[in-house]
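Everything below concerns the one structure shown next.
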C-alpha cells in the first residue's frame with residue numbers, strides 16, 4: 001500500500017464517481033480503477049459499493065476513509081513543520097481547533113487571516129478545548145477555537161456564537177416523521193451516542209448537561225472518539241446523536257438531521273488566548289473571527 005493509493009481512494013470517496021475523480025487527479029479512469037482494486041486487495045475487502053449510483057462506501061470503506069484522511073492530514077502537518085523549519089526567521093502563529101469548528105466559519109476565518117498576516121507562518125493543530133488550554137500555557141499554540149466554557153484566570157475567552165444543536169437520526173427512523181422539531185424527551189427511550197471519549201470535560205459533557213439542566217436523564221450512552229464515528233454509528237442504527245447545526249454540511253444519505261425544540265440546546269463557539277497577550281496578529285484574528293461570526297461575539 002502506497003500513499004498514492006490513499007490519495008486516489010480519498011478522491012473517489014469524495015467525488016463518489018470514478019470519472020470525476022480521475023479528472024480531478026489528472027489520470028485516466030482505467031488506471032484509477034486498477035489502483036483502487038489493488039488497494040482493496042491489500043485491505044482484503046471491498047471499499048466501495050459499485051452497484052449504487054452515486055458510489056457509496058462500504059462499512060469497511062467508511063472506517064478506512066476515516067483513518068486514511070487522518071494519515072494524510074498528519075503528513076501534511078509534518079510537511080508544513082519541515083517547511084517552517086527550513087524557512088527559519090519567519091515567526092510561527094499556531095491556531096488550535098476542535099474538529100467540529102471546521103464545519104462553520106473557521107475555514108473562512110483562517111483564509112482571511114493568512115491573507116492579512118502573510119509575514120507569519122500560520123500553522124494548525126487539532127486538539128480538544130482542554131488540550132488547547134494546556135497548549136496555550138505552554139506556548140505551543142497562540143489561539144484556540146473550541147466549544148467549551150472553561151474557567152481559567154490565565155485564559156481569556158470570547159464567545160463568537162451560540163450555535164443551535166440538531167439531532168442525528170437514522171434515515172427512515174420514526175422520529176423523521178413526527179412533523180415537528182424534536183424535544184429532548186424524544187431521546188430518552190433511545191441510546192445516545194456522544195463524543196469525544198477522552199480528555200474530559202468534553203463536548204460529551206456539554207451535551208449531557210443540556211439534558212440535566214432540564215431534569216432529564218438520557219438513555220444508555222455510547223461514547224466514541226470522533227464526530228464521524230458517532231454519525232457512522234447512527235447510520236448503523238446503533239442510536240441517536242446530537243451535533244452542532246453546521247455539521248449538516250457533512251452530507252450522508254443514511255442519516256437525517258432534525259432541529260431540536262429546546263432554546264437551551266446550543267453549542268458555543270469559543271475563541272481563547274492567553275490573558276494579557278497583545279500582538280497585531282492576535283488582534284487581527286479576533287476582528288476577523290468576530291466579523292465572520294455575524295458580529296455576535298462577546299467576552
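Numbering (the working numbering), first residue to last: 1 to 299.
Glycine included, C-beta positions come from ideal geometry on N, C-alpha and C.
Just so you know, these numbers come straight off a predicted model, no measurement behind them.
Residue i, DSSP secondary structure in three states
i: residue 177; result: helix
i: residue 216; result: coil
i: residue 205; result: helix
i: residue 161; result: strand
i: residue 150; result: coil
i: residue 291; result: helix
i: residue 278; result: coil
i: residue 244; result: strand
i: residue 131; result: helix
i: residue 138; result: coil
i: residue 15; result: helix
i: residue 250; result: coil
i: residue 2; result: coil
i: residue 230; result: helix
i: residue 284; result: helix
i: residue 235; result: helix
i: residue 32; result: helix
i: residue 298; result: Residue placement at residue 298 is poorly supported in this model, since its pLDDT is 46, which falls under 50; the coordinates still yield a value, given next. Residue 298: strand per DSSP, three-state reduction.
For residue i: DSSP bridge partner residues
i: residue 257; result: 168
i: residue 23; result: Its beta-bridge partners do not exist; DSSP assigns none.
i: residue 145; result: 97 and 271
i: residue 182; result: 260
i: residue 121; result: 92
i: residue 156; result: 273
i: residue 193; result: 222 and 241
i: residue 266; result: 164
i: residue 126; result: 97
C-alpha distance - residue i paired with residue j, whole-angstrom precision
i: residue 148; j: residue 202; result: 7 Å
i: residue 97; j: residue 74; result: 15 Å
i: residue 114; j: residue 107; result: 11 Å
i: residue 219; j: residue 190; result: 6 Å
i: residue 22; j: residue 6; result: 14 Å
i: residue 131; j: residue 31; result: 43 Å
i: residue 137; j: residue 152; result: 11 Å
i: residue 18; j: residue 25; result: 10 Å
i: residue 100; j: residue 227; result: 8 Å
i: residue 212; j: residue 254; result: 29 Å
i: residue 287; j: residue 276; result: 17 Å
i: residue 185; j: residue 42; result: 46 Å
i: residue 215; j: residue 188; result: 12 Å
i: residue 53; j: residue 36; result: 17 Å
i: residue 66; j: residue 60; result: 10 Å
i: residue 71; j: residue 56; result: 21 Å
i: residue 109; j: residue 289; result: 6 Å
i: residue 293; j: residue 161; result: 6 Å
i: residue 40; j: residue 104; result: 34 Å
i: residue 9; j: residue 233; result: 22 Å
i: residue 76; j: residue 68; result: 12 Å
i: residue 240; j: residue 231; result: 8 Å
i: residue 94; j: residue 291; result: 21 Å
i: residue 29; j: residue 20; result: 9 Å
i: residue 4; j: residue 217; result: 48 Å
Check: Whole beta strand (DSSP E) runs in the segment 38-117 with 3 or more residues, listed along the chain?
Finding: Within the segment 38-117, the complete beta strand (DSSP E) segments of 3 residues or longer fall at 92-97, listed in chain order.
Next item on the list: Decide yes or no for the touch test of the segment 109-127 against the segment 277-285: beta carbon pairs closer than 8 Å, at least 3 of them.
Entry: The count of Cβ pairs closer than 8 Å, one atom from the segment 109-127 and one from the segment 277-285, reaches three, so the stretches are in contact.
Note to self: Check whether the segment 35-47 and the segment 2-14 touch, using three or more Cβ-Cβ pairs below 8 Å as the test.
What the structure shows: Verdict: yes, contact present.
Notebook entry, point to check: Is it a yes or a no for the segment 263-273 touching the segment 150-164, going by three-plus beta-carbon pairs under 8 Å?
Noted result: As far as the Cβ criterion goes, the segment 263-273 touches the segment 150-164, which means the pair count is three or higher.
Next item on the list: Pair every Cβ in the segment 139-147 with every Cβ in the segment 258-265, then say whether three or more of these pairs are closer than 8 Å.
Entry: With a cut-off of 8 Å, the segment 258-265 and the segment 139-147 do not count as touching, because too few Cβ pairs lie within range.
Notebook entry, point to check: Quick one: any contact between the segment 253-261 and the segment 172-183, if contact means 3 or more CB pairs under 8 Å?
Noted result: Flag = yes, the segment 253-261 and the segment 172-183 touch.
Note to self: Using 8 Å as the cut-off, can you tell me whether the segment 208-222 makes contact with the segment 244-251, which would need three or more C-beta pairs spanning the two stretches below that distance?
What the structure shows: Counting Cβ pairs under 8 Å, fewer than three are found: no touch.
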